[in-house]
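Student: One structure, pasted below without further comment.
Residue numbers (the numbering used here): 289 to 482.
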C-alpha cells in the first residue's frame with residue numbers, strides 16, 4: 289500500500305515542506321528542555337513569593353535580641369547605666385511579682401512576644417563556684433544577699449530562671465546572650481525563644 293505523498297491545504301494548494309517530515313530529535317530536545325526549564329523556574333520562584341507569609345528563624349532572632357535588650361537595658365537595668373542590673377528588680381522579675389517597671393504577667397507578654405506563637409525562657413547564669421569554667425544557673429540567696437548556684441539554693445531563695453523549659457533537640461530555638469553586672473559579679477542573661 290502506497291501513501292499519497294502529495295498533501296494539499298484546504299483550498300487545494302500543495303503544502304510547503306516535506307510530506308515525510310515528522311518530529312525530529314532536535315524538536316523533542318528543545319520541547320523537553322523548555323518544559324523542564326519552566327518547571328524548575330516555577331519550583332524556585334513560587335516559594336520565594338510565599339516566604340514573607342511564613343515564620344522564619346530570622347523572626348525568632350529579632351525577637352530574642354529585642355527581648356534581651358529590653359531586659360538588660362530597661363526593665364532590669366537602667367537606660368542611664370545599661371547592662372548593670374538592679375538586684376531587687378531582677379529578683380522581683382524572676383519571682384513574677386509587682387515591682388520596678390513591670391507587673392505580674394506571663395513572661396512572653398512582659399517581653400512583648402506573642403504567647404500564642406512564641407515561647408521564651410530567661411535564665412541568669414554565671415560562675416558561682418571557684419572553677420573558672422563553671423557556668424551555673426544562679427539563685428538569689430536572701431539569707432546572705434548573694435548569688436549562689438541554683439544547686440545550692442536555699443528554700444527561701446529565688447532561682448533566676450523563668451519561662452517554659454526549652455525542648456530538647458529543638459533546632460528552631462534562638463538564643464540571645466547579654467553579659468551584665470549583677471550584685472558585683474559578671475553574669476550572663478540567656479534569652480531563648482522558640
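Where a beta carbon is used, it is the ideal one built from N, C-alpha and C, also for glycine.
Taking its Cβ as the centre, do 16 or more other Cβ atoms sit within 10 Å of residue 355, making it buried, or is it exposed?
Tutor: Along the chain shown, read from residue 1 onward, the residue named residue 355 stands at position 67. Its Cβ being crowded by 16 or more others within 10 Å, residue 355 is buried.
Student: Provide the residue span of the alpha helix (DSSP H) that contains residue 313, from first to last.
Tutor: Translated into the one-based positions of the chain shown, residue 313 becomes position 25. Element bounds for residue 313: 313-338.
Student: Taking residue 449 as the reference, which of 413, 373, 386 has the closest Cα?
Tutor: Within the chain shown, the letter at position 161 stands for residue 449. Comparing Cα-Cα distances from residue 449 to each of 413, 373, 386, the minimum goes to 413.
Student: Suppose you measure from the CA of residue 411 to the CA of residue 445; what does that come to, to the nearest Å?
Tutor: As a position in the chain shown, residue 411 is number 123, starting the count at 1. As a position in the chain shown, residue 445 is number 157, starting the count at 1. Distance between the alpha carbons of residue 411 and residue 445 is about 15 Å.
Student: What are the start and end residues of the alpha helix (DSSP H) that includes residue 396?
Tutor: Taking the first residue of the chain shown as position 1, residue 396 is located at position 108. Where residue 396 is concerned, the enclosing alpha helix (DSSP H) stretches over 395-398.
Student: Anyone know if the C-beta pair for residue 468 and residue 371 falls short of 7 Å?
Tutor: Within the chain shown, the letter at position 180 stands for residue 468. Within the chain shown, the letter at position 83 stands for residue 371. Result yes, Cβ atoms of residue 468 and residue 371 sit closer than 7 Å.
Student: Between which two residues does the beta strand (DSSP E) holding residue 383 run?
Tutor: Taking the chain shown and counting its residues from 1, one reaches residue 383 at position 95. Looking at the DSSP string, residue 383 is not in any beta strand (DSSP E); the run it does join, the alpha helix (DSSP H), is 375-383.
Student: Taking its Cβ as the centre, do 16 or more other Cβ atoms sit within 10 Å of residue 399, making it buried, or is it exposed?
Tutor: Here residue 399 refers to the residue found at position 111 of the chain shown. Residue 399 should be labelled buried.
Student: Starting from residue 409, trace the beta strand (DSSP E) in both directions and tell me its first and last residue.
Tutor: Position 121 of the chain shown, counted from the start, is the residue given in the question as residue 409. Run containing residue 409: 408-414, per the beta strand (DSSP E) assignment.
Student: Using the beta-carbon count (16 or more within 10 Å), is residue 312 buried or exposed?
Tutor: Taking the chain shown and counting its residues from 1, one reaches residue 312 at position 24. Exposed: under 16 other Cβ atoms inside 10 Å.
Student: Please go through the same chain and pick out, in chain order, the residues whose beta-carbon is closer than 6 Å to the beta-carbon of residue 480, but skip the five residues on each side of it.
Tutor: Along the chain shown, one-based indexing puts residue 480 at 192. Closer than 6 Å at Cβ, skipping near neighbours: 409, 454, 461, 463.
Student: Since residue 424 sits in a beta bridge, which residues does DSSP pair it with?
Tutor: Here residue 424 refers to the residue found at position 136 of the chain shown. Looking at the DSSP assignment, residue 424 forms a beta bridge with 414.
Student: Enumerate in chain order the residues of its own chain whose CB-to-CB distance from residue 403 is below 8 Å, with the five nearest sequence positions on each side excluded.
Tutor: Position 115 of the chain shown, counting from 1, holds the residue named residue 403. So the list reads 394, 396, 397, once near-sequence residues are dropped.
Student: Taking the alpha-carbon of residue 348 as reference, which of 321, 459, 475, 320 has the nearest alpha-carbon?
Tutor: Working through the chain shown from its first residue, we reach residue 348 at position 60. Ranking the options by Cα distance to residue 348, first place goes to 459.
Student: Check each candidate in 456, 452, 379, 353 and name the one with the smallest Cα separation from residue 434.
Tutor: Taking the first residue of the chain shown as 1, we reach residue 434 at position 146. Closest by alpha carbon: 379.
Student: May I ask you to list the residues that DSSP assigns as paired with residue 488?
Tutor: The chain is shown only over 289 to 482; residue 488 falls outside these bounds and no answer can be derived.
Student: I'd like the list of long-range same chain contacts for residue 377, defined as Cβ closer than 6 Å, with 5 residues on each side in sequence excluded.
Tutor: As a working mapping, residue 377 is identified with position 89 in the chain shown. Same-chain partners within the cutoff: 364, 388.
Student: In the structure shown, what three-state DSSP assignment does residue 363 receive?
Tutor: The residue you call residue 363 lines up with position 75 of the chain shown. DSSP places residue 363 in helix when its eight states are reduced to three.
Student: Please classify residue 475: is it buried, with 16 or more other beta-carbons within 10 angstroms of its beta-carbon, or exposed?
Tutor: As a working note, residue 475 is residue 187 in the chain shown. Label assigned to residue 475: buried.
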